[in-house]
Every structure is written in C-alpha cells, then in structure tokens.
Amino acid sequence: MEAIKKKMQMLKLDKENAIDRAEQAESDKKAAEEKCKQVEEELTHLQKKLKGTEDELDKYSENLKDAQEKLELTEKKASDVRSQVCGGAGQEPGAGREEEEQEEEEEGKAVPPRAFSK
C-alpha cells in the first residue's frame with residue numbers, strides 16, 4: 001500500500017512538472033510569435049522605405065541624364081559659336097597668345113601659359 005502511495009505521489013509530481021513545462025512552452029511560443037510579428041512589421045516598413053529610395057534614385061538618375069544631355073548640347077553650341085567667331089577671324093582662340101609667349105621667353109620674361117576655358 002505504501003509503495004502505491006509513493007508511486008501516486010511521483011506520478012502527481014511528474015504531472016505538475018509536465019504542466020509547468022507546457023505552460024513555459026506556451027509562453028515561449030507566444031513570445032516568439034510576437035517577435036516574429038515585430039520583425040515582419042519592420043521588414044514591411046523597410047521594404048516600403050527601399051521602394052521609396054529606389055524611386056528617388058530613378059528620379060535623380062533621370063534628372064542627371066537630362067542635365068548631362070543639356071550640358072553636351074550647350075558645350076556643342078559653345079564650340080560651334082567659338083568655331084564661327086574664330087573661323088570668321090581666320091585664327092584659333094589663343095593663337096596670338098602663343099606668339100606673345102614665345103617673344104617673352106626669348107626676352108627672358110617668360111609668362112606661364114594661361115589655360116583656355118570652355
């Protein structure tokens with residue numbers, strides 16, 4: 001009889017321990033689900049932010065392309081105007097300056113050449 005009581009006491013303790021472990025597992029599961037939900041919300045937020053950044057990049061890339069095309073067109077027009085102005089005068093820009101520099105070098109008064117800007 002005593003052995004049966006001890007056995008029942010052991011089974012009762014085992015049952016209580018199993019219930020405690022089940023409750024802890026349920027609590028851990030809820031915490032993991034909450035963490036998963038937070039991570040999914042953060043992922044959604046970051047995906048939206050990435051989409052906005054990609055759209056902004058596309059916009060700025062298009063603006064850059066337009067600006068580069070305008071710059072090329074402006075440089076071509078400036079080159080054409082220089083060709084017309086200098087071509088009409090029969091000389092290249094800075095041609096007279098080179099002769100001046102050679103004369104000054106010969107006299108020992110060399111002046112550093114100036115850069116021609118577009």
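Heads up, the sequence shown is in full-length UniProt numbering, so the first residue is 1 and it goes up one at a time. Just so you know, even glycine gets a beta-carbon here, dropped at the ideal spot from N, CA and C.
Same chain, Cβ closer than 8 Å to Q84, neighbours up to 5 away in sequence not counted:
none
Of all the beta strand (DSSP E) runs that stay within the bounds of the stretch 19-79, which reach a length of 3 or more residues?
For the stretch 19-79, not a single whole beta strand (DSSP E) run of length 3 or above is found.
How big is the Cα-Cα spacing for R82 and K51?
46 Å
Out of curiosity, what's the CA-to-CA distance linking K15 and K7?
12 Å
M1 by DSSP, collapsed to three states: which one?
In the structure shown, M1 sits in coil (DSSP, three-state: anything other than H, G, I, E or B).
Kindly list the residues whose CB is nearer than 8 Å to the CB of T44, restricted to its own chain and excluding five residues on each side of it in sequence; keep chain order.
none
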